[in-house]
Amino acid sequence: MALRIVLSRYFLFWPGLLYLLLATPLTRYSMETTMSVHMLVQMPLLVICGFMFCLLLRETRQNKLLAALGGATPSVLLALFAASYWMLPRALDAALSHPLAEVAKFISLPALVGLPLALAWKRLSLVGRGFVWTNLISMLALLGWLYIVAPVRVCNNYPVNQQESTGWLMVKLALILFLYWLSTLFFGGNLQPPENAAAKNSGEER
99 MALRIVLSRY FLFWPGLLYL LLATPLTRYS METTMSVHML VQMPLLVICG
149 FMFCLLLRET RQNKLLAALG GATPSVLLAL FAASYWMLPR ALDAALSHPL
199 AEVAKFISLP ALVGLPLALA WKRLSLVGRG FVWTNLISML ALLGWLYIVA
249 PVRVCNNYPV NQQESTGWLM VKLALILFLY WLSTLFFGGN LQPPENAAAK
299 NSGEER
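Residue numbers (the numbering used here): 99 to 304.
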């Protein structure tokens with residue numbers, strides 16, 4: 099029991115430590131030098147920081163934040179729109195060329211993608227979660243294909259070979275996520291969100 103309390107206290111620092119590590123100049127430079135690492139490693143890690151931070155909040159605080167955002171559906175839409183913006187070539191160039199855009203990236207990805215998605219996720223139905231998965235997979239596949247077939251350099255800060263390799267990685271990642279999502283549908287066991295499943299079980303006991 100004591101060990102569990104100690105581990106939970108250490109866990110409180112993980113999102114902050116990860117965020118500070120990503121924000122250090124050396125880490126930012128090493129990740130943003132390569133287009134694929136910038137898009138497929140740094141940005142998802144920033145989203146994870148926001149997601150982890152939300153999970154550390156008390157249930158009452160999460161409910162208040164979700165209500166302030168308008169509920170689960172607006173939260174998911176906010177996360178998808180914010181994530182879509184930072185996948186655009188223009189947004190990548192702006193983050194590398196303008197310090198304010200870089201600051202906006204480090205704030206918006208945790209606060210407008212990771213946090214709202216974590217708030218809404220366990221409250222979404224199977225259809226709602228499928229909507230999130232299909233949108234994420236389709237965005238990755240479409241943008242990856244555009245990066246591959248684009249006849250010109252779409253990101254001024256990255257050469258064409260990095261653009262093409264990033265596109266192939268995005269397409270492969272979309273395929274992997276699609277197969278993973280399908281596996282959860284066929285082999286995931288209980289497909290209901292936790293709260294719905296708990297409510298159903300309590301109703302059956304009565």
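Quick reminder that beta carbons are idealized off the backbone N, C-alpha and C, glycines included. Keep in mind it's a predicted model, so treat the numbers as computed, not measured.
In this structure the region 183 to 200 lies against the region 237 to 257, because at least three pairs of beta carbons, one per stretch, are closer than 8 Å. When DSSP states are grouped into helix, strand and coil, S223 belongs to the coil group.
Counting along the chain, no alpha helix (DSSP H) covers G168, and no H or E run does either.
Selection F284, W231 and R126 evaluated against K203 yields R126 as nearest (Cα-Cα). When secondary structure is reduced to three states using DSSP, T232 falls in the helix class.
Within the same chain, and ignoring the five residues on either side of L215 in sequence, the residues whose Cβ sits closer than 6 Å to its Cβ are A177. Excluding the 5 residues flanking it on each side, W279 has same chain C-beta neighbours closer than 6 Å at W231, in chain order. In its chain, beyond the 5 residues on either side, A218 and G226 have a beta carbon closer than 8 Å to the beta carbon of T171.
Look at H136 here: in three-state DSSP terms it is helix. Taking a contact to require three or more Cβ pairs closer than 8 Å, the region 233 to 250 and the region 258 to 265 qualify as touching.
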